[in-house]
Amino acid sequence: MDGYLGVVHLDQVSKRYGRGPWVLRDLTLEVSGLVVLTGANGTGKSTLLKIAAGILKPTTGRVVRPASVGYVPERFPSDVKMSASSYLAHMGRIRAAAAGDVLERLGFAGSLTAPMSQLSKGNAQKVALAQALLASDVLVLDEPWTGLDPEAARELVSLLQGRTALVSDHEGHLAGATRVDLAGGHVTIELSRVVGLDALEALEGVRSVSSRGSSVQVLVAPDRSDHVLAEALRLGCSVRSVR
Amino acid sequence: MISLVRYLAADVFRGQRFLAPLLVFLGVLGMLFSSDAGQPLEAYSGSAALLYPVTAWMAVVVATSEDVVRREITVVSAGGWSRVLTAAALVAVSIALVMALVAAVWPVVTNPHPYTAGQFFVGLGAHTVCALLGVGVGLMFARPVFDSIGRTVLAVFSVVVLTYPLGRATPLGWVLDALGHNQVSLSVLWAGVVGVALVAAAVVVGVRRT
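If you're matching them up, the sequences are chains A and B in order.
First residue of the first sequence: 1, per the working numbering; consecutive thereafter.
First residue of the second sequence: 244, per the working numbering; consecutive thereafter.
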């Protein structure tokens, strides 16, 4: 979709894989400047990043992003036969952009001409960052500090200043950035005597539904928890706990 | 798009997985034409039949050359799945066309029967059609349509093996039948249309699956 420079809009985005539970529900977010995603494992950070980058389509909702997006995955593959210089040259040609001095600034210490499979984890991560930083508009970075030494980590923070980036960050490297906690906004309702999960999943405000033995755990947006509780009781469920 | 095609082609050649189908292709081609293979068009039917599974295999190699994570990076860099899958299809088709050319030229050099220019071009066309059909089948069952390489191999192998006994019920059968009877037929052209449509459909299905 067409967007305008440097801003990503996610409007009422929800995502589920096949008929599985909802990973994201009704998320609206505008990414302008530095935005950090936090949340425990399994709260949908990587899924949201992939949707923002254009790798995954949301199940419902709308995403508007600019043309030039750079993406760093959680783990850069370790079995790449191509050399770092060749890879970056190809990525530069695809984007019609020059790689610049990002590798030097990050302190890349490996061989540029050897296959990337021979690089250390940290140096491979620097190549991954260098290809993403070729993008002119927006960066989408999933745990970009993985494997970086402290100096490179500081340099990456400096490289991100003044740019628009959506970053998954457990370690708090970007202190001044806007923070979005994917798990922080949930109310957890534990139910028993649930007849059908589909009816619960269809309720407005429900972010995920998962079976746990004889009970079912429902994650709900805080402003819809009363509505979901009332509907669950109407469906014949028993409420075990709300927290 | 040219930069993307060049990158994907470079990745395929760097990965060396293309060597297996290529060596099988060259080895069997060598055996087919090691002695008198018969009349020109009839001789082409063996190499055309060989191209179909080998190009399907090669298409799977091209489609799965990048692992899932690197493919995602490429998709973001290139601006979307449709561009990357189209570029991958162009790489697979380009390699298949070179293989079709090699298969068409080989008997001209080694077969004791003289080939006219017309026979050569009919043979080249027939090989091109078989190569397109193979690429279409390979891409239709490779990532991202099927996520697991095991399912891809099983599906491509099953379709390829089932195609031969079905004879003239399949586009491949139209081509092999025309070559086997030493005659040029309009059905070869139609088979080519099916081949192009199959490759295009594989790209569309792949984009929809992402």
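Glycine residues also receive a C-beta, built at the ideal position from the N, C-alpha and C atoms.
Predicted model, so just to flag it, every value in this text is computed and none were measured.
**CA-to-CA distance, residue 350 of chain B to residue 446 of chain B, given in whole angstroms** = Taking the straight line joining both Cα atoms gives about 33 Å.
**Request:** Could you run through the region 56-81 of chain A and flag, in chain order, every residue whose CB is less than 9 Å away from some CB of chain B?
**Result:** 56, 57, 67, 68, 69, 70, 71, 72, 73, 74, 75, 76, 77, 79, 80, 81
**Prompt:** With a Cβ-Cβ cutoff of 8 Å, do residue 410 of chain B and residue 284 of chain B count as a contact?
**Reply:** no
**Prompt:** residue 131 of chain A CB to nearest chain B CB: under 8 Å?
**Reply:** The beta carbon of residue 131 of chain A sits closer than 8 Å to some beta carbon of chain B.
**Short CB-CB distance (under 8 Å) between residue 54 of chain A and chain B** = yes
**Asked** Got a sec: is the Cβ-Cβ distance from residue 25 of chain A to anything in chain B below 8 Å?
**Response** Not an interface residue.
**Request:** Out of A:25, A:181, A:100, A:58, point me to the one whose CA is closest to residue 41 of chain A's CA.
**Result:** It is A:181.
**Request:** Please confirm if residue 331 of chain B has its CB atom under 8 Å from at least one CB of chain A.
**Result:** Not one chain A Cβ lies under 8 Å of residue 331 of chain B.
**Request:** Could you work out which residues of chain A lie near residue 409 of chain B, taking near to mean beta carbons separated by less than 9 Å?
**Result:** For the C-beta of residue 409 of chain B, not a single chain A residue is nearer than 9 Å; the gap to the nearest is close to 33 Å.
**Item:** As assigned by DSSP and simplified to three states, the class of residue 113 of chain A
**Value:** DSSP places residue 113 of chain A in coil when its eight states are reduced to three.
**Interface partners of residue 94 of chain A on chain B, CB under 7 Å** = 246, 247, 250, 320, 321
**Asked** Is the CB-CB distance between residue 435 of chain B and residue 372 of chain B below 8 Å?
**Response** Residue 372 of chain B is positioned such that its CB atom lies closer than 8 Å to that of residue 435 of chain B.
**Item:** Touch test, the region 331-346 of chain B against the region 297-309 of chain B, Cβ-Cβ under 8 Å, three pairs minimum
**Value:** yes
**Asked** Just curious, the alpha helix (DSSP H) that residue 50 of chain A is in, first and last residue?
**Response** 45-53
**Request:** Mind listing the chain B neighbours of residue 247 of chain A? Cutoff is C-beta to C-beta under 7 Å, in chain order.
**Result:** The question about residue 247 of chain A has no answer here: the residues shown for chain A are numbered 1 through 243.
**Asked** Is the shortest distance between the beta-carbon of residue 9 of chain A and the beta-carbons of chain B less than 8 Å?
**Response** no
**Request:** Using three-state DSSP, classify residue 444 of chain B as helix, strand or coil.
**Result:** In the structure shown, residue 444 of chain B sits in a helix (DSSP, three-state: H, G or I).
**Prompt:** Taking the continuous alpha helix (DSSP H) assigned at residue 282 of chain B, which residues delimit it?
**Reply:** Taken as a continuous stretch (DSSP letters only), residue 282 of chain B belongs to no alpha helix (DSSP H), as it is neither H nor E.
**Message:** Considering only the alpha carbon of each residue, which of B:316, B:278, B:259, B:252 lies closest to residue 140 of chain A?
**Reply:** B:316
**Message:** Using only the alpha-carbon positions, how far apart do residue 108 of chain A and residue 148 of chain A sit?
**Reply:** 10 Å
**Request:** Could you say which of B:246, B:449, B:250, B:393 lies nearest to residue 82 of chain A if we only look at CA atoms?
**Result:** B:250
**Asked** From this set, A:46, A:58, A:179, A:6, which residue's C-alpha is nearest residue 18 of chain A's C-alpha?
**Response** A:58
**Message:** Using a Cβ-Cβ distance cut-off of 8 Å, determine whether residue 285 of chain B contacts chain A.
**Reply:** no
**Message:** Under 7 Å, CB to CB, which of the residues in the region 299-317 of chain B have a partner in chain A?
**Reply:** 310, 312, 313, 315, 316
**Request:** Determine, using beta carbons only, whether residue 219 of chain A and residue 234 of chain A come nearer to each other than 8 Å.
**Result:** no
**Asked** Per the contact definition of three or more C-beta pairs closer than 8 Å, is the region 187-199 of chain A in contact with the region 150-167 of chain A?
**Response** no
**Prompt:** What residues in its chain sit with their C-beta under 8 Å from that of residue 89 of chain A, if we drop five residues either side in the sequence?
**Reply:** 99
**Rounded separation between residue 36 of chain A and residue 345 of chain B - CA only** = 55 Å
**Asked** Hey, which unbroken runs of the beta strand (DSSP E) at 3 residues or more fall wholly within the region 375-438 of chain B?
**Response** none
**Message:** Closest to residue 390 of chain B by C-alpha separation, out of B:418, B:379, B:274, B:309, would be which residue?
**Reply:** The shortest C-alpha separation from residue 390 of chain B is found at B:309.
**Request:** Check the Cβ of residue 449 of chain B against every Cβ in chain A and list those closer than 7 Å, keeping chain order.
**Result:** Taking a Cβ-Cβ threshold of 7 Å, none of the residues of chain A is close to residue 449 of chain B; the smallest such distance is about 13 Å.
**Asked** Is residue 28 of chain A helix, strand or coil by DSSP?
**Response** strand
**Message:** Going by DSSP in three states, residue 17 of chain A sits in which element: helix, strand or coil?
**Reply:** coil
**Request:** Please check the pair residue 69 of chain A and residue 127 of chain A, which I expect to be a contact at CB under 8 Å, by giving their CB distance rounded to whole angstroms.
**Result:** Actually they are not in contact, since the Cβ atoms of residue 69 of chain A and residue 127 of chain A sit about 18 Å apart, beyond 8 Å.
**Message:** On the DSSP letters alone, give me the boundaries of the alpha helix (DSSP H) that residue 317 of chain B sits inside.
**Reply:** 311-321
**chain A contact for residue 257 of chain B (CB, 8 Å cutoff)** = yes
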